[in-house]
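This report refers to the structure that appears directly beneath it.
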Amino acid sequence: MTNINEHTAGQSGTLSAEYKVTTVSSSSYTPPGGAGIKTVNIAEAPFLFIYNKGHKEGVDSAPIVASLEGIGSAGSLAALQDGSGAEAYKTALRGVFDAISPEGTKEAKFKTLTNQEYIPGSYNEFSSTNIFDGTDPSAVIDSVTLDELKYVLNQEGTFAVFIGCAWCGDSQGIVRYLNLVASEYGVDKVYNWDFKLDGGIGGLTSVTRPTNPRYAYGETLDGSALHARTKDKTITHFYTDVVNTYLKNLVSQDTKRDAFITGTIPGTSTTVSSARVQAPYIFVYDKRNVDENGNPAPILGHVELMGGWSVTGNPTTAAAKLRINSLSTLFSRIEWKPTGLTGASPTSQGAADGAIVGIEKKFLEYRLKDNGNYIPVPNTGNRVEGLAPGVYEIRYAKKAGFDTSNNTAGTAASTLYPEGPAIEIVVPEFQAAPVGIDGIAPTEAGGNGQIVLIEDGEIQDLPEGLEYKLDNAPDSAYAAVQGVAISVEPGHYYQVRFAAKTVQGIYYAPSASVTVYVAGYQELVPPDRTKLGVVHTTTLENNDGQITGLDAVSADHPDYQLEYKKDDGEYALLSEEAIIAGELTGLSPGTYYVRYAAYTSPDEETFNPSQPVELTIKGNVAAPTGLAGVAPTTSGQSNGKITGTNTGLEYRSSTESNYHPVTGSEITSLAPGSYLIRVKATDTTLASADTTVTVPQYVAPSQPDNNTGGGGGGTTTPTPELVTELTNGARADVGAKLDETSGTWLAVVPDNVVNALLEKAQKAESEGKDASLEIRVEEAVASGNVQVTLTRSVFNTLVSGSKASLTIDVGFGTVTFDVEALGTIAGNEDEGDISFIIGKSELTEEGKEVLGDRPVYDLLVYAGQSEVSSFGGSLVKVFLPYQPKRGEDTNALIIYHVNEDGELNLVEGQYNPSAKGLRFSTEHFSQYIIGYNKIEFADVASSSWYASAVSYLAAREITSGTDENHFSPNANITRGQFIVLLLNAYGIEADGAGSDNFADAGNTYYTGYLAAAKRLGIANGYEGNVFAPNDTISRQELFTLLYRALTVLDKEPASKGGASLSDFSDRTDVASYALESLEALVEAGVVSGSEGKLNPRAASTRAQVAQVLYNLLSK
1 MTNINEHTAG
11 QSGTLSAEYK
21 VTTVSSSSYT
31 PPGGAGIKTV
41 NIAEAPFLFI
51 YNKGHKEGVD
61 SAPIVASLEG
71 IGSAGSLAAL
81 QDGSGAEAYK
91 TALRGVFDAI
101 SPEGTKEAKF
111 KTLTNQEYIP
121 GSYNEFSSTN
131 IFDGTDPSAV
141 IDSVTLDELK
151 YVLNQEGTFA
161 VFIGCAWCGD
171 SQGIVRYLNL
181 VASEYGVDKV
191 YNWDFKLDGG
201 IGGLTSVTRP
211 TNPRYAYGET
221 LDGSALHART
231 KDKTITHFYT
241 DVVNTYLKNL
251 VSQDTKRDAF
261 ITGTIPGTST
271 TVSSARVQAP
281 YIFVYDKRNV
291 DENGNPAPIL
301 GHVELMGGWS
311 VTGNPTTAAA
321 KLRINSLSTL
331 FSRIEWKPTG
341 LTGASPTSQG
351 AADGAIVGIE
361 KKFLEYRLKD
371 NGNYIPVPNT
381 GNRVEGLAPG
391 VYEIRYAKKA
401 GFDTSNNTAG
411 TAASTLYPEG
421 PAIEIVVPEF
431 QAAPVGIDGI
441 APTEAGGNGQ
451 IVLIEDGEIQ
461 DLPEGLEYKL
471 DNAPDSAYAA
481 VQGVAISVEP
491 GHYYQVRFAA
501 KTVQGIYYAP
511 SASVTVYVAG
521 YQELVPPDRT
531 KLGVVHTTTL
541 ENNDGQITGL
551 DAVSADHPDY
561 QLEYKKDDGE
571 YALLSEEAII
581 AGELTGLSPG
591 TYYVRYAAYT
601 SPDEETFNPS
611 QPVELTIKGN
621 VAAPTGLAGV
631 APTTSGQSNG
641 KITGTNTGLE
651 YRSSTESNYH
661 PVTGSEITSL
671 APGSYLIRVK
681 ATDTTLASAD
691 TTVTVPQYVA
701 PSQPDNNTGG
711 GGGGTTTPTP
721 ELVTELTNGA
731 RADVGAKLDE
741 TSGTWLAVVP
751 DNVVNALLEK
761 AQKAESEGKD
771 ASLEIRVEEA
781 VASGNVQVTL
791 TRSVFNTLVS
801 GSKASLTIDV
811 GFGTVTFDVE
821 ALGTIAGNED
831 EGDISFIIGK
841 SELTEEGKEV
851 LGDRPVYDLL
861 VYAGQSEVSS
871 FGGSLVKVFL
881 PYQPKRGEDT
891 NALIIYHVNE
901 DGELNLVEGQ
911 YNPSAKGLRF
921 STEHFSQYII
931 GYNKIEFADV
941 ASSSWYASAV
951 SYLAAREITS
961 GTDENHFSPN
971 ANITRGQFIV
981 LLLNAYGIEA
991 DGAGSDNFAD
1001 AGNTYYTGYL
1011 AAAKRLGIAN
1021 GYEGNVFAPN
1031 DTISRQELFT
1041 LLYRALTVLD
1051 KEPASKGGAS
1061 LSDFSDRTDV
1071 ASYALESLEA
1081 LVEAGVVSGS
1091 EGKLNPRAAS
1101 TRAQVAQVLY
1111 NLLSK
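The sequence shown begins at 1 in full-length UniProt numbering and counts up one residue at a time.
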């Protein structure tokens, strides 16, 4: 603020201070502008100013661009208060903002520093290395002044407070862990009070940072006048006032300095003392809390982090672990009493599997009311399970607060905080859902329909205790049922359930609801909306969307005809071909409506069309363009940015999994690295493909080069376009000639073509893309062998010069190698040329007797004369075109690999209808066969919603029937059965006898599979090392085990950017341990729920499990 005197009148006087040259430990510091007396005007409050550190007037720095001092423009305070001077004052204010607005406009150009920029930026600025590197969670730390802190401490509620400062080494050592752990525990705000504690203006000068500001102010040489926790300084009383007024039970073990701090109230001889803490010091505060004697005890926990904790490096060091563990203990209580807890009823009458839900990351204990000692709540999951109905007391348990006590990096002294007050949670009794509830249409035009009970085909009186609501209404809209039937407006879906009730002091939870549709007068019932689905478009042409399930809803009412329309168009009947296929294809994005058309019965009774089922097909949008990465401007590497953005985008770093919303035309405060940016998904569009943008490293300006020599001139000859440039690389089209002696088509790729491919790959990689290259044989070959050859030297140059994948496409087969597989080929000892061979042949007569006349393919790679049959563990992707025969179920098409002993092994792969062929991946090359293994069950109709899933899994021997002819789709599946099914689905073999296992694994068909699941971390089991393999598995347990398996196998499904957990009305019923799994599977479209619900605690049937696995495996 060097030009403040030009913007202030000095009517309130001036301030002067002596700047001195000081020396500490032989390190000399000279203030900016030299030593001497500096005098500045005292600004009249309020003082509004516009600041730009780079602004100049002529050649002089003038960071204050415009200002308004005091209220003189209003005439007087009275004139401002009564409004007579308001217009004049507003005119003066406008003059300030006019200075940063284009002439003639009211569009001020200014920058706002967000907390996300300020906190990481300030800590990185004072650290020799970046503390925050762009991969951290959003900053939850928010700076507060003394007055703001007092305001916070006066409020009702629980708050986290951090005493520390940005350039204090110990604060630097803890702040990243503090932000990380607070975010993990759902803390959205940590108030950071830096009243020059352990530094700041007036703090000790660092001998290694002699440029830090330093003032004498008539105090001792160390300049501690503005150090609030230094004894008997001018402002010490501010600190003691905060401690003694608000922090009654503050605990500290400061043995380096005095345990208490004493200050004198200015203008008096009164001295006050208070407990002293070492900063950084973080505590959780709630003024409502009292101790056992009723005295204020607002601090619920603390961690004192000074001394030996300042290492910011390796997060696995003892010091780092101590930080994280201590902070985790602190944030395990971030409220006065437990909140957000609910009781969940058992899943059946008389069961003891009720729960208290909402306990995640809370350090609690519980007991049946007035019944013995409290029991610790498990520190995993979101619920206490295995509870009988009743009233439970639950409270925060006694826990440690951690003190410095001159700690080492690996230990910290602790102070015990007492238990919190208890609350009561009711685990209600179970009520079964009503059965036999159905809707009846009105008997005359304009009349109401009814919801009734039907038993044995007869209408009966509704049972007592029911309540109902419109399907999409909130639960608060449930209304009690009056009478023996419910009279309702037709044409709507309704939810009906038994209401909560208390009988003889026992509370019963509401039952699960049933969905009922009440048709209008002479109106058909609508199609079953749970059976219809959509496939969103997959390309930017947006012309391959689908509506699925048409065969299923047609089979429900075979006499009715289906019709559909898009948006506001006219209804058209669905073709017989679409009904038989079960899908309507070639659709563009939009909202579609499917219904049963008007119908005339055989006795000439006319029915109106049904209400439609609404379906939305989302479209694709192009990846964003016009983006640019800008390098940081300082060695702190923390203020890089990406330009050209807008609020319709979202981004993440290449090391993150979650996207962040873009808030403006730039993304700021970025560390160097790669960032992925895409267009956000909307109600009508999918998220776009990513655009990769690189933020470069900061490079310090180089010194001027005094070399005055001239450079050469001339032009270069551009490289001929030997290849076709693609988005992420290039394709080379090469010809092939038939060698009539061997019957092999030979395609030799010229060296200059390979070099051109490498050039395009390097270009794509320089733009931050994952490069991919393709060599395509131009001639279409129906059978025989095709050999594609590259000279060895140029092949090795291609592999070493980029990380591009390479695809060989010969028309009737395609293979794709990643860079690791290519490296394995290049590393072969035989120095001959590299040949890729794809051959198409026939089975022997013996083979045809077993498999029928099925296509056979030979996949080979040669380095010179040496066959390369495996690729260092890398997977090679294979695509084989195939036209299914008439009547073939594509779900029963499978891939066999012929091993060295001539035996057939199943390979994970499936038919892709859009590509019209089979895709699979393999670690080794040999002979592959497209097989067909259709397994039929008497209780799986072809029109059933699970038919495709059962066919797919049975064909691959992942599942079998309950007997030779039956699948039993509605039978529940146990936890043990699912583990076997899951591991079989992903080719994970059972562990042998004697392996580490669960205590109840037994000696049966699932024993070895449980051991394998435990070893891999797929199954954790319950307390006491039990798995309960014979218990029925719930949906949320199933999806948790499934997602863990996918994570272990590195096969987590990608998000489609559509649905999320928040779309489901019963998302709060999901246990904490299942939240991550269900969120990921919902976003990936693996889990879709039913009628807006996930039913996480419901049992899983064999059909449901088959469908879930099919959704994943068939992608």
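A virtual CB, placed ideally from N, CA and C, is assigned to each residue, including glycine.
Contacting residues, own chain, Cβ-Cβ under 6 Å from residue i (five flanking each side not counted)
| i | result |
| --- | --- |
| Ala65 | The identity of residue 65 in the sequence shown is Val, whereas the question assumes Ala. Correct list, in chain order: Ile50, Asn52, His55, Ala99. |
Close Cβ partners of residue i (< 7 Å) along its chain, the five nearest in sequence each way excluded
| i | result |
| --- | --- |
| Ala297 | Lys248, Asn249, Asn289, Val290, Asp291 |
| Pro376 | Glu365, Ala397 |
| Asn115 | Ala139, Asp142 |
| Asp833 | Thr789, Leu790, Thr791, Arg792, Gly864 |
| Tyr1022 | Ala1028 |
Span of the alpha helix (DSSP H) around residue i
| i | result |
| --- | --- |
| residue 1117 | Since the first and last residues shown for the chain are 1 and 1115, residue 1117 lies out of range. |
| Ala985 | 975-985 |
| Ala821 | 819-826 |
| Gly1008 | 1007-1016 |
| Arg1102 | 1102-1113 |
| Phe238 | 236-246 |
| Lys150 | 146-153 |
Proximal residues to residue i (C-beta, below 8 Å), its chain only, five neighbours per side dropped
| i | result |
| --- | --- |
| Gly390 | Leu368, Lys369, Val426, Val427 |
| Ala441 | Gly449, Pro490, Val518, Ala519, Gly520, Tyr521, Gln522, Glu523 |
| Asn785 | Ser742, Gly743, Thr744, Trp745, Ile837, Ile838, Gly839, Lys840, Asp858 |
Where residue i falls: helix, strand or coil (DSSP)
| i | result |
| --- | --- |
| Ser476 | helix |
| Glu184 | helix |
| Gln1036 | helix |
| residue 1116 | Because the chain in this structure spans residues 1 to 1115, residue 1116 falls outside the shown range and cannot be described. |
| Gln172 | helix |
| Tyr468 | strand |
| Ser948 | helix |
| Ser669 | strand |
| Pro120 | helix |
| Tyr177 | helix |
Continuous beta strand (DSSP E) stretch holding residue i: start and end
| i | result |
| --- | --- |
| Ser1072 | Here Ser1072 belongs to no beta strand (DSSP E); instead the alpha helix (DSSP H) covers 1072-1083. |
| Tyr932 | 927-932 |
| Ala17 | 14-19 |
| Phe283 | 281-285 |
| Ser487 | 486-488 |
| Gly36 | 36-41 |
| Gly629 | 628-630 |
| Gly449 | 449-455 |
| Phe1027 | Phe1027 -> no beta strand (DSSP E), and no H or E assigned at all. |
CB contact flag (residue i, residue j, <8 Å)
| i | j | result |
| --- | --- | --- |
| Phe871 | Arg919 | no |
| Phe97 | Glu69 | no |
| Ile667 | Val594 | no |
| Glu1052 | Ala1080 | yes |
| Glu1091 | Thr727 | no |
| Gly358 | Thr342 | yes |
| Gly549 | Gly582 | yes |
Closer than 7 Å: residue i CB and nearest the ligand FAD heavy atom
| i | result |
| --- | --- |
| Val243 | Here there are no bound small molecules, and the ligand FAD is not part of this structure. |
Interface flag, residue i vs chain D, CB-CB below 8 Å
| i | result |
| --- | --- |
| Val357 | Absence of chain D from the displayed structure is noted, only one protein chain being present. |
Ignoring anything shorter than 4 residues or poking outside the region 741-811, list the alpha helix (DSSP H) runs there in chain order.
751-766, 792-801
Ignoring anything shorter than 4 residues, give me the alpha helix (DSSP H) runs that lie fully in the region 61-116, in order along the chain.
77-82, 86-98
As an exercise, report each continuous beta strand (DSSP E) stretch of at least 3 residues that is fully enclosed by the region 512-593, in chain order.
Annotation: the region 512-593 contains the following complete segments of the beta strand (DSSP E) (minimum length 3 residues), in chain order: 514-518, 533-535, 545-548, 562-566, 583-587.
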